[in-house]
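Undergrad: Protein chains in written order, with this note's numbering: chain L, 1 to 220; chain H, 1001 to 1480; chain U, 2001 to 2318; chain Y, 3001 to 3638. All C-beta atoms in this analysis are idealised placements derived from N, C-alpha and C, irrespective of residue type, glycine included. Let me give you the structure first, and then I'll get to my questions.
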Amino acid sequence: MDGFTLDVAHLLAGGLVLTSFVMLYQDRLYALLNVFALQALVLSLSVAWQAWIQGAPHLFITAAIALIFKAFIIPVALHRIIANLGIHREVEAVTGLGPTMLFGIGLVALSMVVMLRVTAGDDPLAREDIAFALSVVLLGLLMMITRSNAVSQVVGFMSIENGLILAAAGAKGMPLVVEISVAFSVLVALIVIGVFLFRIRERFDTVDVGVFDRIQGERR
Amino acid sequence: MNGFPGVALMLAIPALSAAVLALTTDYRLSARLNVLATFLTLLSAVSLLFDKPAPDAYFNVDDLNIVFIVLTGFVALTTSVFSASYIAHELEIGRFEPVHLRFYHAMYQALIFSMNLALVANNIGLMWVAIEMATLTTVLMVGLYRTREALEAAWKYFILGSVGIAFALFGTILVYMAARPVVGEGFDGMVWTILAKRVSAFDPSLLNVAFIFLLLGYGTKVGLAPLHAWLPDAHAEGPTPISAVLSGLLLNVALYAVLRFKLLLAANAGALAPGPLMAAMGLGSLIFAAFMLYRRRDVKRMFAYSSIEHMGIIAFAFGMGGPLANFAGLLHMTMHSLTKSAIFFAVGHISQVKGTQRIADIRGLTVSHPLLGWGLVVGVIAISGLPPLGVFTSEFLVVSSAFARQPLLAALLVAGLLVALGALTLRLQGLAFGAPTPDVAPSRASYAPMISHLGLVVLAGIYLPPPLVAWFQHVAGLLG
Amino acid sequence: MVVMRDLAVQGAQMLIVLALAPLLTGFVRKLKARMLGREGPPIVQPYRELVRLMRKEAVLADNASWLFRVIPYMVFAGTWVASALVPTFATGLIFSWSADLIAVTALLGSGRFFVALAGMDVGTSFGGIGSSREAMIATLAEPAMIMIVFTLALLAGSTQLSALAGFMLSPAVGLRVSLALALIALIMVAIAENGRIPVDNPATHLELTMVHEAMILEYSGRHLAMIEFAASLKLLLYVSLIACVFVPWGLVSPRAAVSEYALAALAYLGKLAAGGFLLALFETSIAKMRVFRVPDFLGAALMLSLLGALLLFVSRSL
Amino acid sequence: MVYAACLALSGMGLVAALSHLIGAVAPAEIVSPLGLPWIGAHFRLDALSAFFLALVSLSSGAASLYAVGHGREEREPERVLPFYPVFLAGMNLVVLAGDAFTFLLSWEVMSLASCALVMARHREEENVYAGYVYLVMASFSALTLLLAFGFMAGADGSYAFDSIRARMATASSTGVVLVLALIGAGSKAGLAPLHVWLPLAHPAAPSHVSALMSGAMTKVAVYAFVRIVFDLIGPPAWWWGAIVLAAGGMTATLGVLHALMQHDLKRLLAYSTVENIGIIFIALGLALAFRAYGLGSAAALALTAGLLHAFNHSAFKSLLFLGAGAVLSKTGARDMERLGGLIHRMPQTAFLFLVGCAAISALPPLNGFVSEWLTLQAILLSPQLPSWGLKLLAPAVGALLALSAALAAACFIKAYGVTFLGRPRTAAAEVAHETDRFSLVAMSLLAATCFIAGIVPSLFIDALAPVARSLVGDRMPAQFGLAWLTIVPIAESRSSYNGMLVFLFVAASGILAASVIHRFASHAVRRAPAWDCGFPDLNPATQYTAASFSQPIRRVYGSYVFRARERVDMPLPGELRPARIEVELHDLAWDWLYAPIARAVGAIADWLNPLQFRTIRQYLSLVFFALVVLLTGLALWS
């Protein structure tokens, strides 16, 4: 493949990491959702690009799923949830943004070190993709643990998934990518539904020790 | 697939019956159907003993999984029998609306399906999908009671499990990437038998990263510390049959997945030995769980912690490696799932009869309900590794073979075992002896499942059938 | 023929100890009285007492058990046998190899065991006091005795009394620290065992420091006689033990001529007299100590004997 | 009836063992397909196991016979009957086991069954507590032995004893095994400071089971030690003997001192078991030391002494426990302060118990004296040892041995005097009556054993000869041929003892004296109230109690052995309340070893417990950090 395709792939993958950072930086839920939609868009683009350059049509399905499901449906649903729960004025970073960002940069460096070293024998495109994917995954996880708000945690999880899809798409000729992405979408959908149904207020962990005493068996 | 389509059946039956059960509302009918379906599944699984189909791109039956397939079938059957009587009681006291019933049985069958799929899958991607399905179904069942704690537990399980699943997927992708340069693109890159053949040529460093992710991912579902957090609450808050299946089967399936990949690494010379990592995590889980046992007040949560402890022992055994330790690990997996599910059967009935799960409120079972009480006693004795029961055999092998090579680790292991035994027996005495506490409900328990399990465990403690030994020894040899 | 003669010698020894025991007791009493400036009872007084007691009827407490009646004879027999095993004037007696020094100690110990039981049988407070104190004393005296036996046995390479005496006669002994320690310890033990001053006072009644008398308080008549007899036999035994181990001169070896036997017997009498004199002198010169000082006294004995044994254990290897 | 069957079986076991022992045939071995698959379960009967089999069968036979009568009074027989045969089977199988797996399996079965028997009376709190402590300690010992076997069998798992022997012949640093075996077997046998469970568990069980636990099970532990240390692992180093000697001496003294302080009859017996185990280990330690320097005959003497004492102890301790059981079942009291005067109510039991007391106090001509005499003789041989440490240690331990023998005598004077003599202290003791005849037969059987082993010890010593030969390669000179059945450990010039002659001698002279007096002097008897120095008091409370009996000894040793504290509460003149004295005793092993460990476990549990109460986010961060740490490690590693 020529330099151009490589550059585009590189650009899109890097865009994913960038959006992850932006998400990490956001402290407003609505903005967060918008950025997430953007990330989903970028993801679908890069997956489509991979489909084109790999000549693997089934990847287009994955791209489509990403586009429709994550770029539109989920964000909208989350918007409504936020509206229902009335938590849109939420500023809820557990740790300050500065440390978080620094840590995120450290994570990206780590993933670069690990991945670029181990995949020495592989073609550059796959190396880039897998490295970026790992950093996206790690950033998503970082987001999950630095935000105490249910919605933003869901978003974090979904960005983890984005990273995975990127990796799967980047792994050349990998089978079952569609099935996997579908399965994952089901997972995400369930999470969102759960947030919606069970009215998880603001965070998964409204736990005072009293609750756990009940859990400890004094129930009934 | 040549000969008797065992694999197809053992996947098709649960899938179909899941669909059917989702539609039947009558309780008796659905319970019976449930039992029947699991029974047929068991039959088809047993048929695999006699003619193993040749491995194809999707399915594979070999010495490693045959035992677990049959075991899954068996425990699923006994658990369905148990849940028939258990759920009946839940319906009576109204913790269960009939609406949930369809859901419950359908999910049960779906769980069986996904576990069987994960076991027979010859394709690491397929295995991943199956385990994710298993996670989803169990999550839904754990949350079934709709109480605040149940939802709490279900969420915890769900979130942690999903993250674990994500890791596992990443690891799977990495494995594929490692395989691609050797076996070429496309489907072969995920077929386990092919990978196992060619693995020696893979890029070891990539395999290492992959194994880290797989260990963390599937290890979350195994419940190794520090990834264990979901396990106790999920066991304690869900319906007891689910706790039994969780401890008895799902942990095994996840561990089985880890083993598959350990086999790969073992076959690759350049890869870092996964042994020390697993041994360390196992030892950590064992000691941690052993101490956590002391402060438990909920009986089901306590036994959940003991599951963590035993998963730790098993992981330690595989981590130590060597034919003896690996054999012991496999044996321990089998014994533990039998014993622990038996214990949960007993505990389920007990908590129904006594109307509580608080350890402090249950006393003198051997007086008030001799069969349940002594069943519990035998179970706990077995689980704390006392003879003449199967767990003793495996612990004997683990400790003795470990001490010869790593005296310090073995000493730690022994200390952990002792601490755990102290906690379990302490609680057991409170539960089983002394003056009995009053009942709130008559016990219409079905003792057959518990007794059959314990019978098998006792038998295995004294005599192991040669074919079993042959399979285990073969696999143990492969595990290196 | 030879066996007959050995038997005769053995029998003679048994009769001699039987005959001499009360005499020794009386002798010591007399000497003590004299040293205290009193007239004192005649030497043969103990014989009279024994005879008088035997004639009298035995008064038993209401709830005295059969054990209470059997014990005096057992104690007497045990002590008698023990004292018969200690060479008095002749070594190598025919039965001497049936029990060595350890066994002799154990025989005396069993005597004490049963006396203590007798003390508790009637269930009076005095009996209990006596038994418990006796037991306490014994727990220190017996180990000391065993240690002394160790010392001697290591020197002589035997626990057989005859062999011991024979070794002591031989020039191989030399002068040894351990022996001196052992001798002192042995004397202390002997004093304690026989309930002499300063450990106990055989002459007192109804004094809260009494030990031996308190145990046998309930005895009367022939039973009392047996016990008393056993006590004096024990005294004789210890004196002759010390004599045969530390001043073995004059002991005849087996199969000697009758004249030698006679000579040896005379030597033995001399030793007894000397021992009794020293005992009386000692008893009159010091005062009775409190019961709870006794452990210190005996502890000292134990330490001395242990020291002697240790020295020996170490020096043997040089 | 279960017990009858057990009786028959143990009788058979006894016969088999004796036939094997006397007719010194070659070791018989059976391999069954059970147990570990690729090894199978080995069962092996050689001289050593035959001896211990005989020992176990003897006391279990007696206990079963006793239980035939005594079992009727069991309140919840369904909690005793099922486990009793299992317990017996476990003990026999341990002795017969021929490979590590079978050995440990039967070992644990033995422990579990006895633990279930301890908890048979599970409604009393302290029984359940005792059962718990016992269970934990038993598992501790089993796991320690497991480690030992792990070391011996090696990573490839050659568990059969033969292959272990082959391996250890060349292995190095076998000292580890010695230490592990000492801890493992010792904690089961009740070696200080691991003895703490024993005085809790043994009294709690039904009496015939207590008899078995003290009489047989502790001996099985001794068997384990002997089997491992003398048979399986290679030649000993000099310090092995030193360790074992020291442990034995300490155990003997501590055990008997604690026994003296008890006023619960069965607990007193249990502590005295600890003492006798100490004596056995002293002898074994000597044997090890001698063997380390190749002094064959001396080692044989010491070993024989130890094993003989094991046998004797099982005989008279079973007897004593059975007697205590009879007392307990007839008066309902284990506390001596509530007994007394039973010699009038239950004369046969009293007599048999007296025999037991005399035997355990090492009084000639009974069997206890013989074995302790042999042990002392063995100590007297220790100057031959070149090592200085042992030279100094041996006589010191000898002093301890003598001390504990004397203390044991005092202890049993107290036990017998307070329980059987004097005046009854409660109404229950007042109305007690003789126990059933099965129990009496069982006890008299054991008493006869003590007596015979006392007057013809040569039989038993010769029976032990093949054991000694197989273990230390030498044996004591044959005894049975000697004139007058004397026993001569080394040479007649050194030392000899003739129980039979002493017995005849004493008996003859006693009878002679009695008959002479009755013939020539008076034999009249008059009954009168007790004299008691002029002021008798009819209230039995004025008798010496167990506590007051042991008070002088407590004064002498107590302050530093068990930090005894006495608080006297003396009312002022004119006050009517009784004066009372309270004594508190500590078992230092408990205070300094067990309590801290228990506290530590609790503290760690409390410290970890909050991990149950974290939030999901925090759990996630755990996962996250695990991942990051591993990845970093990998990045650095590769």
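Would you check if the distance between the CB atom of H/Ile1194 and the CB atom of H/Val1183 is smaller than 7 Å?
TA: In this structure, H/Val1183 lies closer than 7 Å to H/Ile1194 by Cβ.
Undergrad: Do you know offhand how far H/Ile1350's Cα is from H/Glu1092's?
TA: For H/Ile1350 and H/Glu1092, the distance between alpha carbons rounds to 16 Å.
Undergrad: Quick one: what's got a C-beta closer than 7 Å to H/Ala1432's C-beta in the same chain, skipping five residues either side?
TA: Result list for H/Ala1432: Leu1365, Thr1366, Gly1373, Leu1376, Val1377, in chain order.
Undergrad: Between the region 3235-3244 of chain Y and the region 3509-3523 of chain Y, can you find at least three pairs of beta-carbon atoms closer than 8 Å?
TA: Segments in contact, no.
Undergrad: Under 7 Å between C-beta atoms, does H/Ser1401 make it to chain Y?
TA: Cβ-Cβ to chain Y under 7 Å: yes for H/Ser1401.
Undergrad: Please state the DSSP three-state secondary structure of H/Asp1439.
TA: In the structure shown, H/Asp1439 sits in coil (DSSP, three-state: anything other than H, G, I, E or B).
Undergrad: Take Y/Asp3335 and list the residues in its own chain whose beta-carbon comes closer than 8 Å to its own, dropping the five residues that flank it on each side.
TA: His3263, Asp3264, Leu3265, listed in sequence order.
Undergrad: Determine contact between the region 2261-2269 of chain U and the region 2179-2189 of chain U, defined as no fewer than three beta-carbon pairs at a distance below 8 Å.
TA: No, the region 2261-2269 of chain U is not in contact with the region 2179-2189 of chain U.
Undergrad: Hey, is the region 1457-1475 of chain H in contact with the region 1382-1393 of chain H, meaning 3+ C-beta pairs nearer than 8 Å?
TA: Yes, since at least three Cβ pairs between the region 1457-1475 of chain H and the region 1382-1393 of chain H fall closer than 8 Å, the two stretches touch.
Undergrad: If we cut at 7 Å on Cβ distances, does Y/Ser3139 have a partner in chain H?
TA: At least one chain H Cβ lies under 7 Å of Y/Ser3139.
Undergrad: Could one say the Cβ of U/Met2215 lies closer than 7 Å to chain Y's Cβ atoms, at least one of them?
TA: So, not an interface residue.
Undergrad: Buried or exposed: where does U/Val2294 fall if 16 or more other Cβ atoms within 10 Å of its Cβ makes it buried?
TA: So U/Val2294 ends up on the buried side.
Undergrad: Could you give the distance in angstroms between the alpha-carbon of Y/Gln3612 and the alpha-carbon of H/Tyr1305?
TA: Looking at the two C-alpha atoms, the distance is approximately 11 Å.
Undergrad: List, in chain order, every chain L residue whose beta-carbon is nearer than 8 Å to that of Y/Leu3620.
TA: Result: Leu141, Met144, Ile145.
Undergrad: Please classify Y/Ala3041: does DSSP put it in a helix, a strand, or coil?
TA: Three-state DSSP puts Y/Ala3041 in a strand.
Undergrad: By the criterion of Cβ-Cβ separation under 7 Å, what are the contact partners of U/Leu2107 in chain Y?
TA: Per Cβ cutoff of 7 Å: Pro3364.
Undergrad: Compare the C-beta of L/Leu166 with all C-beta atoms of chain H and state if any pair is closer than 7 Å.
TA: Output row for L/Leu166: interface = no.
Undergrad: Name the chain Y residues that come within less than 9 Å of U/Thr2091, Cβ to Cβ?
TA: Near U/Thr2091 there are no residues of chain Y at all, since even the closest Cβ is about 12 Å away, more than 9 Å.
Undergrad: So the candidates are Y/Val3094, Y/Ser3550, Y/Val3568, Y/Ala3259; which of them puts its Cα closest to the Cα of Y/Phe3225?
TA: Ranking Y/Val3094, Y/Ser3550, Y/Val3568, Y/Ala3259 by Cα distance to Y/Phe3225 puts Y/Val3094 first.
Undergrad: Taking all protein chains shown into account, do 16 or more other C-beta atoms lie within 10 angstroms of the C-beta of U/Met2215, making it buried, or fewer, making it exposed?
TA: Classification of U/Met2215: buried, given that the 10 Å Cβ count is 16 or more.
Undergrad: Is it buried or exposed, U/Arg2004, if we count other Cβ atoms within 10 angstroms and call 16 or more buried?
TA: Before going further, note that residue 2004 of chain U is Met rather than Arg in the sequence given. Counting Cβ neighbours within 10 Å, U/Met2004 comes out exposed, since fewer than 16 surround it.
Undergrad: Kindly say whether Y/Phe3230, judged by its beta-carbon, lies nearer than 7 Å to any beta-carbon of chain L.
TA: Output row for Y/Phe3230: interface = no.
Undergrad: What are the boundary residues of the beta strand (DSSP E) that Y/Arg3567 is part of?
TA: It spans 3565-3569 - the beta strand (DSSP E) in which Y/Arg3567 sits, taken as one unbroken run.
Undergrad: So is Y/Tyr3132 in contact with chain H if we call contact Cβ pairs under 7 Å?
TA: Yes, its Cβ sits closer than 7 Å to a Cβ of chain H.
Undergrad: Using a C-beta cutoff of 7 Å, does Y/Leu3113 count as contacting chain H?
TA: Residue identity check: residue 3113 of chain Y is Ala in the sequence provided, not Leu. Cβ-Cβ to chain H under 7 Å: no for Y/Ala3113.
Undergrad: Note the first and the last residue of the continuous beta strand (DSSP E) segment covering Y/Ala3432.
TA: No beta strand (DSSP E) contains Y/Ala3432, which DSSP labels as neither H nor E.
Undergrad: Below 7 Å on C-beta distance, what does Y/Leu3680 contact in chain L?
TA: Residue 3680 of chain Y lies beyond the range of chain Y shown here (3001 to 3638); nothing can be said about it.
Undergrad: For U/Leu2304 and U/Leu2310, I'd like the C-alpha separation in whole angstroms.
TA: The straight-line gap from Cα to Cα measures roughly 10 Å.
Undergrad: Could you tell me which chain Y residues have their CB closer than 7 Å to the CB of U/Pro2143, listed as they occur along the chain?
TA: Near U/Pro2143 (Cβ distances below 7 Å), the residues of chain Y are Ala3399, Ala3402, Leu3403, Ala3406.
Undergrad: Which residue's Cα is closest to the Cα of Y/Gly3323: Y/Pro3203, Y/Ser3158, Y/Ala3047?
TA: When only C-alpha atoms are compared, the closest one is Y/Pro3203.
Undergrad: Rank H/Thr1334, H/Asp1062, H/Tyr1294, H/Pro1370 by C-alpha distance to the C-alpha of H/Gly1434 and give the top, closest one.
TA: Ranking the options by Cα distance to H/Gly1434, first place goes to H/Pro1370.
Undergrad: Measure the alpha-carbon distance for L/Gly15 versus L/Ala189 and round it to whole angstroms.
TA: In a straight line, the C-alpha of L/Gly15 is about 25 Å away from that of L/Ala189.
Undergrad: Just list the alpha helix (DSSP H) runs in the region 2026-2076 of chain U, keeping only unbroken ones of 4 residues or longer that don't cross its boundaries, in chain order.
TA: Runs found: 2045-2055.
Undergrad: Does chain U have any CB closer than 7 Å to the CB of Y/Gly3330?
TA: Here residue 3330 of chain Y is Lys; the residue named in the question, Gly, does not match the sequence. So no, Y/Lys3330 is outside the interface.
Undergrad: Ignore the nearest five residues each way along the sequence and tell me which others in Y/Leu3007's own chain have a CB closer than 8 Å to its CB.
TA: Same-chain partners within the cutoff: Gly3061, Ser3064, Leu3065, Val3068.
Undergrad: What alpha helix (DSSP H) runs, 4 residues minimum, are completely inside the region 3378-3463 of chain Y?
TA: Taking only runs of at least 4 residues, the alpha helix (DSSP H) segments lying wholly in the region 3378-3463 of chain Y are 3388-3420, 3427-3430, 3437-3455.
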